[in-house]
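Single-structure report; data block below.
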Amino acid sequence: MKNLTVSVCLFMLFATPAIAQNYIVNVHGMVCELCSLGVAKNIRKLSFVDAAKYDDGVQVDVENQTVFVAVSDDASLDKQALFAAIEEGGYSPVGIWRLTDSGERLELQ
Amino acid sequence: MNGLLIALLLGITSTAALAHQPVVDMAPRWNGGYGFQTRVEHANSDTITWLEGVYTFKPAVRMTLKIPYGRDGLGNSIFAVPLKQYKNAAQSTSNWGLTPSVRVPTGGGNDWDGGLSLSYSSESVGIYQLYDVHFLGDRRGLDINVGTVYPDGRGSAWFTLWDVTAVDSDSGQRILTGPVLVYFRRNIAARLEYKLAAYDHDDEWSGNYLSFTLGIVY
Numbered sequence: 012m013k014n015l016t017v018s019v020c021l022f023m024l025f026a027t028p029a030i031a032q033n034y035i036v037n038v039h040g041m042v043c044e045l046c047s048l049g050v051a052k053n054i055r056k057l058s059f060v061d062a063a064k065y066d067d068g069v070q071v072d073v074e075n076q077t078v079f080v081a082v083s084d085d086a087s088l089d090k091q092a093l094f095a096a097i098e099e100g101g102y103s104p105v106g107i108w109r110l111t112d113s114g115e116r117l118e119l120q
Numbered sequence: 031m032n033g034l035l036i037a038l039l040l041g042i043t044s045t046a047a048l049a050h051q052p053v054v055d056m057a058p059r060w061n062g063g064y065g066f067q068t069r070v071e072h073a074n075s076d077t078i079t080w081l082e083g084v085y086t087f088k089p090a091v092r093m094t095l096k097i098p099y100g101r102d103g104l105g106n107s108i109f110a111v112p113l114k115q116y117k118n119a120a121q122s123t124s125n126w127g128l129t130p131s132v133r134v135p136t137g138g139g140n141d142w143d144g145g146l147s148l149s150y151s152s153e154s155v156g157i158y159q160l161y162d163v164h165f166l167g168d169r170r171g172l173d174i175n176v177g178t179v180y181p182d183g184r185g186s187a188w189f190t191l192w193d194v195t196a197v198d199s200d201s202g203q204r205i206l207t208g209p210v211l212v213y214f215r216r217n218i219a220a221r222l223e224y225k226l227a228a229y230d231h232d233d234e235w236s237g238n239y240l241s242f243t244l245g246i247v248y
């Protein structure tokens, strides 16, 4: 019985999916994909970005002026570094949200 | 003497070389970005290939070099330092630009020319516009590009623009106008431009203008 309990606990531990760390950033001015190449380029250099998701960790949406950023499961978001990378790319980040697994957006302060 | 004559001819620079900056007036606007473009232009019964490079120190400061090469060799190059003040809004971006430039006698001779350009451009998801007044040597000009943008949401876009160019120099005045097509996919951009001479009173220039530009940015 004890072995069964341990097995169930281990199964539950490893069967629990990792919580995805996807973020969406609203970027003022980002209306042209050619001009905003530097935004994606700079974000990809950040150590916490998960290159396995999106397009090497980043997806730019100029129609809605947003950038999707995937963060590695074993890392944490550095908002200041992310915003600096976008500013050095020539644009103005104005807000950031965490995307939950259910698709909700939770605004970060 | 022949070499000097060729150099002087190549020194008569097209407005495209004065009013527009690589790469296709748009990129790179990020720190440490760089790019190259080649523009082949046919005007005034001659064909000139421009090799142009740009390096962006930061969005507000970049430098460009434009080197012309004609059938008779190297012409006079133009070195410029575009300075830009960007304003990013919710649905658009715009900038004022001030670009000092110098024409270097790489094609021969000893004459250096100074120039200056003042520009404004803005872009929204659907509209692009560029206005530029400039002078270099004895040439003064105005260049206007206005049109629509069609992004496909997958890394490429078409720009369909209309260009109006007015030039005044010691040899006369000209007004040219015509369509411009710009296309880019990821980091590669192309621009095709054809302008009709609507007002053609210049002793050294005549006829229509055709150019094709292909560039890449990193």
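From first to last, the protein sequence lines are chains A and B.
Take the first sequence: its position 69, counting from 1, is numbered 80 in the working numbering, and each next residue is one higher.
Take the second sequence: its position 102, counting from 1, is numbered 132 in the working numbering, and each next residue is one higher.
Glycine included, C-beta positions come from ideal geometry on N, C-alpha and C.
Would B/Arg-175 count as contacting chain A if we go by Cβ distances under 8 Å? The question names Arg, yet the displayed sequence has Asn at residue 175 of chain B. When Cβ-Cβ separations below 8 Å define contact, B/Asn-175 makes no contact with chain A.
Beta-carbon proximity check, A/Ser-103 vs A/Gly-49, cutoff 8 Å: Between A/Ser-103 and A/Gly-49, the C-beta spacing is not below 8 Å.
Can you grab the Cα-Cα spacing for the pair B/Leu-244 / B/Arg-69, in whole Å? Distance between the alpha carbons of B/Leu-244 and B/Arg-69: 7 Å.
In this structure, does DSSP put B/Gly-177 in helix, strand or coil? DSSP places B/Gly-177 in strand when its eight states are reduced to three.
Integer Cβ distance of B/Tyr-224 from B/Pro-209, believed to fall under 8 Å: Right, their Cβ atoms sit about 6 Å apart.
Give the secondary structure of A/Glu-99 by DSSP, where H, G and I count as helix, E and B as strand, and everything else as coil. Helix, per DSSP.
Against A/Gly-100, what residues of chain B qualify as contacts under a CB-to-CB distance less than 7 Å, listed in chain order? Residues of chain B whose Cβ lies closer than 7 Å to the Cβ of A/Gly-100 are, in chain order, Trp-60.
Starting from A/Leu-88, trace the beta strand (DSSP E) in both directions and tell me its first and last residue. Under the DSSP assignment, A/Leu-88 falls outside any beta strand (DSSP E); it carries neither an H nor an E label.
Does B/Phe-242 have its Cβ less than 8 Å from a Cβ in chain A? Chain A contact via Cβ: absent.
Using a Cβ-Cβ cut-off of 7 Å (strictly less than) and excluding sequence neighbours within five positions of A/Val-82, which residues of its own chain qualify? By the criterion of a C-beta distance shorter than 7 Å, A/Val-82 is surrounded in its chain by Gln-32, Tyr-34, Phe-59, Val-60, Asp-61, Leu-88, once the five residues flanking it on both sides are discounted.
Residue burial classification, B/Ser-199 (beta-carbon count within 10 angstroms, cutoff 16): Under a 10 Å Cβ-count criterion, B/Ser-199 is classified as buried, with 16 or more other Cβ atoms of the shown protein chains found around its own Cβ.
CA-CA distance, B/Val-155 and B/Tyr-180? Here the C-alpha atom of B/Val-155 lies approximately 8 Å from the C-alpha atom of B/Tyr-180.
Answer with buried or exposed for B/Trp-235, where buried requires no fewer than 16 other C-beta atoms within 10 angstroms of its C-beta. The residue is buried, with at least 16 neighbouring Cβ atoms inside 10 Å.
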